[in-house]
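Asks:
There are 2 protein chains.
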Amino acid sequence: MAGSADSCVRVPVDTGTSRYEILIGRSLLGDPASWEGLPRGRHAVIVSNTTVAPLWGAALREALQAHYTRVTVVELPDGEAHKDWPALSRIFDHLLTAGCDRKTVLFALGGGVVGDMTGFAAGCYMRGVPFVQVPTTLLAQVDSSVGGKTAINHPLGKNMIGLFYQPRRVVCDLDTLSTLPRREYVAGLAEVIKYGPIADAGFLAWLEDHLDELLARDDAALTHAIRRSCEIKAQVVGEDEREAGLRAILNFGHTFGHAIETGLGYGEWLHGEAVGCGMAMAADLSVELGMLPPEDARRLHRLLSRAGLPLRGPALGAARYLELMGHDKKSEAGQIRFVLLRRLGDAVVMPADDAVVSRVVERRSVDG
Amino acid sequence: MAGSADSCVRVPVDTGTSRYEILIGRSLLGDPASWEGLPRGRHAVIVSNTTVAPLWGAALREALQAHYTRVTVVELPDGEAHKDWPALSRIFDHLLTAGCDRKTVLFALGGGVVGDMTGFAAGCYMRGVPFVQVPTTLLAQVDSSVGGKTAINHPLGKNMIGLFYQPRRVVCDLDTLSTLPRREYVAGLAEVIKYGPIADAGFLAWLEDHLDELLARDDAALTHAIRRSCEIKAQVVGEDEREAGLRAILNFGHTFGHAIETGLGYGEWLHGEAVGCGMAMAADLSVELGMLPPEDARRLHRLLSRAGLPLRGPALGAARYLELMGHDKKSEAGQIRFVLLRRLGDAVVMPADDAVVSRVVERRSVDG
C-alpha cells in the first residue's frame, strides 16, 4: 500500500496540558510532509540506536533536512540494559558538543527505550526542548510513545527516574515494522492485546478474529490495531495525565511483569513478553479473588498463547516476586496495588493479600 | 528577636501553574507550625550537605517528626563542584533503598546547590514527588529557592540538565544565616543588589542607605532585603514561569558570571561573586553601547565594591569569555543575549557586538 502524510490516519491526543497528533500510515518517515508544522530551530537531532539508525536514520535525516538547517544523529547502544544514566549522558554530550540551543528539536527514532530516553533528555536539556516520537517497534507505536511517560532505569527499579513530558507529535510508520524481528513484534502484540481486557471487550473479540492477519503483519489489520490501541490510550491519558487514578489500568500485567524483568536483570525477557505473562498472572489473581469468571481468564490466556507469548514466569520464588513488586512505583506505603479484572473490558486497581498473590505466582512459574 | 511561623512574613508566589508561599522570619526551622498544611506521606527525606546537616539537620528533623512517621537525612558533599550526576544519584539511591513511594516529601536544607539538586531529584523521582525549599544561605533565600529552576551541571556547561519544578513552600529561617561564613554572605548580597538595577531603583537607593546594617546582618534590614528580593523575583516569575521573555532579566550579570565560573572550574569563585563581577561588566557594556549614563554604572560599581564583591574578572582572555558565553542557555542560534540596563531599575535583553564585548571584558579583567 502506498501512503503519505496526506492520506494517513490521525489520532488526536489531548492531555489537558498539551495537544498533539499520532500519525499512522505507510511511508511517513521519509515524507517531509510528516514533519510540517513542528517547532522550528536551526538544529534537529535524531536520537536512535545502533540497530535502527542504519535502517531508517538516513531516510529520516533527509526528510528533516527540508525543515532544519542542520540534522545530526546520536546512536545509543541497543536494549533495555542500556536504559541508564551513561547512555542518557551520551545524548547530553552530543547536544552540548554540537552547541544545541533551547530551540533544538529532538526526534526519537527507535523502540520504547529510545523513546523513553529521548523524551527524558528533551525534558531536562536546558530545562526542556521540544521532541517528536518516531516509534519503530509495535510496542512503542501502541504504548510507550503515547502518553508522555519518560524515564531511565535504576539498579533498584525500572523507570524510577523520569518525567511526564509530552511529545509534539508521534509518527508511526508501518514500514518500519517490516524490519522488526518476530520475537519483538510478538512482544508488541502483548500491549495491543492489553487494551481489550482493560477497556474494550469488542476490541478483544476483534483481536481473536484477526490475530492471524496481525501475525502476518497485514496492513489493514495492523492499522486498525494500532489506531484502536492509541485511541484507548489517548482517552485514558487524557482523563488522567499524571497517573492519579484511571491511568493506572494501563499497567495491567505490568506489576508482575516488572518483577520478572527486574528479577532476571533487564533485557533477559522482552518487556512485552514480561507483560504478557504478567497479564496471565493478573487474570489468575482476579479469578482467585472471585472477581473474574475462570472462563474469561482462559479466553485471555488462549489469545496470549496463540500470539506466541509466554504464560509461565521464571521460578524466582513467590517471596522474591513480592519483594520486587514492593519497589514498583504503583505501590503506596509499601502496599502493592494490582490492576485486576472485574470482567473482560473492565479493570480496577486494588491491593491483594500476599498469600493469594504467592499462590498465583507459584502456580504460574516454570517450576510451579 | 524571637519568632515563629505565626508571626513571620509571608510572600505569595503564583507561577500560573502553581501557588505557594515564602515564609521569612526567625526560628522557623524548628517550629512544627512552619510545616503545617504540606502534602502528607509517611516519609519525609531531608536532603542536605556535610556542612549544613550537622548545624540544622537535627532541629528540622525533630520538627518534621510532628507530621511524618519517618524522617531520614541524605548528606551530599558540599560545593558547586558536586552539583553533578554522582551526587544526584546518591539521593536516588537513598530514596530507593529506603523504599520511598510517590507520596514521599523532600526537604532541601542548604544553599543553592542543595536546593537545585533536591528540586531536580524531586521532579524526576518516580516522575515527580513534592518538595520544600529550606534555604540556609542568603543567596538561596533571595534567588535560587524561588522560581522553580532546578538543575545539575555538565562538564560542558552550568545548569545544563534540569527542570522547571516548583516547590510546595519556601521557608527562609534568618537564624541559619548566623552560621554563614562572611564570604558566602557577601556573595549572597550580589543577588540582593541585582534586584535594584533590573527592576526597582527605589530598592537600589534603600540598599545604598542600609548596606552597613545588611553587612552587620541586622534583623530588620535583612527581613526587608529578603522580602523585597523575593517579591520582585516572584512577580517576574509569575509573569514568565518558563523563561520565554521577561524572566531573562533575572540573569543580569549571569552571562558574564557563568563564563567566569566555567572558565575557572566550578567552585573557584562563588556564584554570587561571579554574578557581582558580571553585573559590573554588564553595566560597562550598557555604557559602551550608549544605553546607560556612565554615572549610573559607577553608582552600581560603588555599591558592589562597598559590599566587598570583586569588580575584576579573571584574565581568561576575551576570546575564551565569548566562547564560554556561547554555551550559555540564554544564547540562541549561537548568538549571545545580554541583560543590559537602559537606566537603573530598567533592564532589557539583547545581543551585542563581539568586538564591544571583548573590549569590556579586557578592561574588566585583572590583567586588563
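Chains as they are written, first to last, in my numbering: chain A, 2 to 369; chain B, 2 to 369.
All C-beta atoms in this analysis are idealised placements derived from N, C-alpha and C, irrespective of residue type, glycine included.
None of these values were measured; they are calculated from a predicted model.
(1) CA-CA distance, arginine 20 of chain B and leucine 265 of chain A?
(2) Please identify, using Cβ separations under 8 angstroms, the residues of the stretch 97-115 of chain B that lie next to chain A, in order along the chain.
(3) Apart from the five residues on each side of it in sequence, which residues of its chain come closer than 7 angstroms, Cβ to Cβ, to glycine 58 of chain A?
(4) Any C-beta of chain B within less than 9 angstroms: which residues of the stretch 116-150 of chain A qualify?
(5) Round the Cβ separation of valine 114 of chain A and glutamate 81 of chain A to the nearest angstrom and send it over; I've been treating them as touching at under 8 angstroms.
(6) If you follow the alpha helix (DSSP H) that glutamate 289 of chain B is part of, which residue opens it and which one closes it?
(7) Report the neighbours of alanine 356 of chain A on chain B: residues whose CB is nearer than 8 angstroms to its CB, in chain order.
(8) Is the beta carbon of proline 168 of chain A less than 8 angstroms from the beta carbon of phenylalanine 121 of chain A?
(9) Hey, is leucine 65 of chain A's beta-carbon within less than 8 angstroms of any beta-carbon in chain B?
(10) Report the residue ranges of all alpha helix (DSSP H) runs contained in full by the stretch 135-203 of chain B; include only those spanning at least 4 residues, in chain order.
(11) Please determine, among B:Glu262, B:Val358, B:Tyr69 and B:Ala188, the residue with the shortest C-alpha to C-alpha distance to leucine 310 of chain B.
(12) Does the beta-carbon distance from leucine 345 of chain B to leucine 290 of chain B come in below 8 angstroms?
(13) Could you check whether the Cβ of alanine 45 of chain A sits closer than 8 angstroms to any Cβ belonging to chain B?
(14) Is isoleucine 337 of chain A helix, strand or coil when you go by DSSP?
(15) Go ahead and pull the three-state DSSP assignment for alanine 1 of chain A.
(16) I believe phenylalanine 165 of chain A touches glutamate 242 of chain A by the beta-carbon criterion, under 8 angstroms. Please report the beta-carbon distance rounded to the nearest angstrom.
(17) Are the C-beta of arginine 20 of chain B and some C-beta of chain A separated by less than 8 angstroms?
(18) Kindly give me the distance between the Cβ atoms of leucine 139 of chain B and tyrosine 186 of chain B, rounded to whole angstroms, as I take these residues to be in contact under 8 angstroms.
(19) Does the beta carbon of tryptophan 339 of chain B come closer than 8 angstroms to any beta carbon on chain A?
(20) Helix or strand or just coil, what does DSSP make of tyrosine 21 of chain B?
(21) Checking contacts by CB at 8 angstroms: is isoleucine 162 of chain A closer than that to chain B?
(22) Please list, in chain order, all residues of the same chain as tryptophan 207 of chain B whose beta carbon is under 6 angstroms from its beta carbon, the five residues on each side excluded.
(23) Excluding five sequence neighbours on each side, which residues of the same chain lie with their C-beta closer than 7 angstroms to the C-beta of alanine 6 of chain B?
(24) Given that histidine 68 of chain B touches chain A, what residues does it touch there, using C-beta distances under 9 angstroms?
(25) Looking at the secondary structure, which residues open and close the beta strand (DSSP E) in which serine 366 of chain A lies?
(26) Tell me whether the stretch 171-185 of chain A and the stretch 210-225 of chain A touch, counting them as touching only if at least three CB pairs, one residue from each stretch, are closer than 8 angstroms.
(27) Where does alanine 3 of chain B fall in DSSP's three states?
(28) By DSSP, does arginine 69 of chain A sit in helix, in strand, or in coil?
(29) Along the chain, where does the beta strand (DSSP E) containing aspartate 347 of chain B start, and where does it finish?
(30) Which residue from B:Arg183, B:Gly42, B:Gly277 and B:Ala308 puts its Cα closest to that of glycine 314 of chain B?
(31) Can you tell me the Cα-Cα spacing of threonine 105 of chain A and arginine 128 of chain A, whole angstroms?
(32) Is the beta carbon of valine 147 of chain A less than 8 angstroms from the beta carbon of cysteine 231 of chain A?
(33) Figure out for me which residue from B:Leu107, B:Ile227 and B:Pro87 has the closest Cα to the Cα of glycine 42 of chain B.
(34) Given that alanine 152 of chain B touches chain A, what residues does it touch there, using C-beta distances under 8 angstroms?
(35) How would you list, in chain order, the residues of chain B whose beta-carbon sits under 7 angstroms from the beta-carbon of leucine 325 of chain A?
(36) Using a Cβ-Cβ cut-off of less than 8 angstroms, list which residues of the stretch 179-192 of chain A approach chain B; keep chain order.
Replies: Reading off the structure:
(1) 44 angstroms
(2) Leu97, Thr98, Gly100, Asp102, Arg103 and Lys104
(3) Ile47, Ser49, Val74 and Leu110
(4) Phe121, Ala122, Gly124, Cys125, Tyr126, Met127, Arg128, Gly129 and Lys150
(5) 6 angstroms
(6) 272-289
(7) Neighbours of alanine 356 of chain A on chain B: none; closest Cβ ~21 angstroms, over 8 angstroms.
(8) no
(9) no
(10) 183-200
(11) B:Ala188
(12) no
(13) no
(14) coil
(15) An answer regarding residue 1 of chain A cannot be provided, because it is not within the stretch 2 to 369 covered by chain A.
(16) 6 angstroms
(17) no
(18) 6 angstroms
(19) The question names tryptophan, but residue 339 of chain B is phenylalanine in the sequence shown. It does not; no Cβ of chain A falls within 8 angstroms.
(20) strand
(21) yes
(22) none
(23) Leu24, Leu29, Asp32, Ala34 and Ser35
(24) Under the 9 angstroms cutoff, chain A gives no residues; its nearest Cβ is about 15 angstroms from histidine 68 of chain B.
(25) No beta strand (DSSP E) contains serine 366 of chain A, which DSSP labels as neither H nor E.
(26) yes
(27) The predicted position of alanine 3 of chain B is uncertain, since its pLDDT is 48 and thus under 50; a value taken from the coordinates is nonetheless stated next. Three-state DSSP puts alanine 3 of chain B in coil, outside helix and strand.
(28) According to the sequence as given, residue 69 of chain A is tyrosine; it is not arginine. Correct three-state label for tyrosine 69 of chain A: coil.
(29) 347-352
(30) B:Gly277
(31) 12 angstroms
(32) yes
(33) B:Leu107
(34) Arg128
(35) Ordered by position in chain B, no residue passes the 7 angstroms Cβ test against leucine 325 of chain A, which lies about 12 angstroms from the chain.
(36) none
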